[in-house]
Amino acid sequence: MAAPRIQIQDVSPQVDCGRYAAKACLGDAVPVAATIFRDGHVVLRAVVRYRPAGARRWRESQLVAVGNDRWQGSFVPDALGRWELRVLAWTDPYATLLDELDRKLAAGQADLAGELAEGEALFGAGALDDWRAAAPALSDRARHDSARSVALAVDVERVRARFGAWYELFPRSWGGFRGVAAVLPQLAALGFDVVYLPPVHPIGVTQRKGRNNAETARPGDVGSPWAIGSAAGGHDALHPDLGSDADFGAMVAAAREAGVEIALDFAIQCSPDHPWLAEHPEWFRRRPDGSIAYAENPPKRYQDIHNLNWDTSDREGLWQALRDVVLGWCGRGIRIFRVDNPHTKPVPFWEWLIAEVRAAYPETIFLAEAFTRPAPMTTLAKVGFGQSYTYFTWKNSKAEIVELVEQVLSWSAFYRPNMWPNTPDILHAYLQRGGRPAFEARLVLAATLSPSYGIYSGYESCENVPVRPGSEEYRDSEKYELKRRSLVGPLLPLIRRLNEARRAHPALQRLERLTWLETHNDELIAYCKRDDDDAVLVVVNLDPHAPREGLCVVPPSLGLPGAFAAVDLLDGSAYRWRTGRNYVKLAPGGAHVLAVEGAS
């Protein structure tokens with residue numbers, strides 16, 4: 001069979017020549033584009049065909065030519081899970097003939113007998129206007145000389161995979177599961193969508209860490225939640241000090257009632273007391289002397305943790321046990337998992353596990369704590385992680401932030417960021433030295449640059465004391481001791497206003513359509529987020545120690561009015577801005593988050 005004369009090239013969305021699925025969210029239009037051409041002067045038509053994976057019937061949406069052989073369109077998936085798409089193009093002999101007639105008429109050519117005879121052969125007897133009306137339907141039914149692209153895949157997740165505000169807390173510092181349930185309405189009122197809990201499992205006693213990561217625990221030291229497993233159980237068990245199974249279920253129900261979700265940590269590691277060491281010794285790599293090495297990430301040492309042996313002879317048993325852990329928590333109402341260090345586990349395992357879990361619970365979201373090199377970080381996104389931590393925590397200058405966001409934008413077909421200015425492991429020097437203004441600047445940046453962002457409890461109180469100079473570890477880290485937490489702090493009003501702005505403005509719910517604005521001052525960073533007729537301008541003073549001023553340039557390419565009103569979503573102030581240069585002066589760490597009126 002001869003190859004089709006129609007060429008379909010450079011189809012998007014497409015990830016690694018179709019090896020991996022692109023990403024989309026339920027209800028969002030999936031943009032589709034392709035380069036389509038054929039020899040000669042024929043008129044082409046094209047559609048995108050799409051369907052849920054495994055379905056028999058294709059649906060179709062028209063593609064339109066946008067110039068230079070490029071065609072564009074979209075479709076809207078209406079179910080979670082894997083979808084298939086392909087581009088179909090065909091020659092339109094009816095439109096081709098009419099186009100030829102129109103060109104000859106425009107050129108003043110009078111002898112059209114041959115063309116009109118061809119028209120009657122195609123359309124039947126009738127007037128030229130009748131042929132024009134009939135052409136689209138005739139072409140759609142005939143689809144002459146058609147060609148199609150290879151089938152591509154799109155993974156459709158719920159919107160929470162793209163957009164959400166996260167708050168991390170240690171349940172033991174809030175009175176266990178009952179205490180967490182009690183504070184959930186306050187967190188919901190602040191605009192948080194996800195409350196993330198570090199591991200809630202029993203903690204080992206052997207080699208337990210003491211306060212400030214001391215290698216020897218003192219009586220009463222509670223240990224690190226990431227040292228999972230004791231005589232009370234392993235990854236499928238709850239720490240008895242946090243509450244009962246009923247308390248956990250009541251907390252999940254309270255979250256649902258408050259309109260937030262509970263996310264659990266999935267950390268694949270074991271304390272020396274984990275039941276798996278006795279039940280499945282083959283899952284651990286032993287030295288010649290029979291001992292098991294503890295986990296290390298020099299200079300950090302984790303004497304209270306053993307890693308699993310991914311080269312075990314019982315790979316199937318290990319993989320299935322880990323899958324059953326996740327499915328077990330799904331069965332208890334959890335649909336979001338923050339995965340600890342996924343880049344230190346095999347990529348094929350994650351691709352298999354995520355597919356297995358989503359086959360049973362398609363609404364499940366996986367967040368990768370992948371502070372690692374771009375290649376493994378992006379590959380985790382390709383194999384199924386719905387979102388990922390980023391390098392944002394360490395990017396504080398204007399040049400660093402722009403470079404980071406541009407990199408993330410280049411991955412947008414398959415990678416969704418979740419930006420955190422702090423975590424229990426990371427207290428950046430910028431926060432240590434910049435005080436409250438630094439915390440304010442980083443909060444505004446995270447919440448307005450990324451559709452998903454998060455903070456670890458204590459951020460609202462500007463906690464910024466390191467364990468020692470030059471360290472990113474907190475002094476008296478909550479990872480190793482019990483604190484008495486409550487939801488207080490000077491940043492809570494700012495957090496509430498930012499989260500209200502994010503929910504009210506679709507422009508802040510998407511990563512794409514970001515335009516950097518010139519500021520004439522490298523301590524000021526500015527950008528516009530746009531979604532149809534919703535536009536938000538953000539300007540942040542990156543200097544936490546001094547006020548900064550400069551000009552912020554709104555380019556004509558944004559399509560905003562020559563002069564427009566803007567309301568600051570942080571304090572309600574009204575401003576008059578214009579396309580062109582605008583004077584800005586901000587306090588240390590200060591910001592404008594301006595909603596543009598009449599942006600359509």
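Here the sequence shown is numbered in UniProt numbering, starting from 1 and rising by one per residue.
Ideal Cβ placement from N, Cα and C applies to all residues, glycine included.
Remember, it's a predicted structure, so these values are computed and weren't measured experimentally.
A Cβ-Cβ distance of about 4 Å is found for the pair D304 and A227, placing them in contact under the 8 Å criterion.
Look at the beta carbons and you see the segment 500-519 not touching the segment 461-469: under three pairs across the two are nearer than 8 Å. Annotated three-state conformation of P275 is helix, per DSSP. The C-beta distance from L88 to V47 rounds to 5 Å, short enough to meet the 8 Å contact threshold.
Rounded to the nearest whole angstrom, the C-alpha separation of R132 and F37 is 23 Å. The beta-bridge partner set that DSSP reports for W516 consists of Y527. Under the three-state reduction of DSSP, D265 is assigned to strand.
Unbroken alpha helix (DSSP H) stretches of 4 residues or longer found wholly inside the segment 422-469: 429-449, given in chain order. I8: member of the beta strand (DSSP E) spanning 7-12, first to last residue. Counting C-beta pairs closer than 8 Å gives three or more between the segment 556-563 and the segment 519-535, which meets the contact rule. Under the Cβ criterion (8 Å, minimum of three pairs), the segment 436-448 counts as touching the segment 543-558. For E316, the secondary structure class from DSSP, reduced to helix, strand or coil, is helix. The Cβ atoms of W71 and A65 sit closer than 8 Å to each other.
V156 sits close to C25, with the two beta carbons spaced by under 8 Å. Between the alpha carbons of L264 and A3 lies a distance of about 52 Å. Rounded to whole angstroms, the separation of the alpha carbons of L445 and E400 is 13 Å. For L594, the number of other beta carbons within 10 angstroms of its own is at least 16, and it is reported as buried. In chain order, K209, G210, R211, N212, N213, A214, D221, V222, G223, S224 place their CB closer than 8 Å to the CB of Y480, counting only its own chain and leaving out the 5 sequence neighbours on each side. N396 and D102 have their C-alpha atoms spaced approximately 60 Å apart. The alpha-carbon separation between N521 and A587 amounts to approximately 14 Å. Taking C-beta atoms as the reference points, E168 and Y456 count as a pair closer than 8 Å. Annotation for L570: R497, V593 place their beta carbon closer than 6 Å to its own, counting only its chain and skipping 5 residues before and after.
Y459 and R485 have their alpha carbons spaced roughly 12 Å apart. Closest in alpha carbon position to L128, among A137, E115, Q432, is E115. Burial check for D241: the Cβ neighbour count within 10 Å stays below 16, so the residue is exposed.
Taken through DSSP and simplified to helix, strand or coil, V567 comes out as strand. Nearest to P348 by alpha-carbon distance, out of A381, P424, R82, V540, is A381. DSSP places N541 in the strand class (E or B) of the three-state scheme.
DSSP lists E549 as the beta-bridge partner residues of K585. With 16 or more other Cβ atoms from the protein chains shown falling within 10 Å of its own Cβ, V538 counts as buried.
C-alpha of Y94 to C-alpha of A125: approximately 14 Å in a straight line. For E118, there is no enclosing beta strand (DSSP E); the residue is part of the alpha helix (DSSP H) that begins and ends at 113-123. Here DSSP, grouped into helix, strand and coil, assigns D247 to helix. The continuous stretches of beta strand (DSSP E) do not include W350, which lies in the alpha helix (DSSP H) extending over residues 347-360.
Within 10 angstroms of the beta-carbon of K585 lie fewer than 16 other beta-carbons, which makes it exposed. At a Cβ-Cβ threshold of 8 Å, I8 and A34 count as neighbours.
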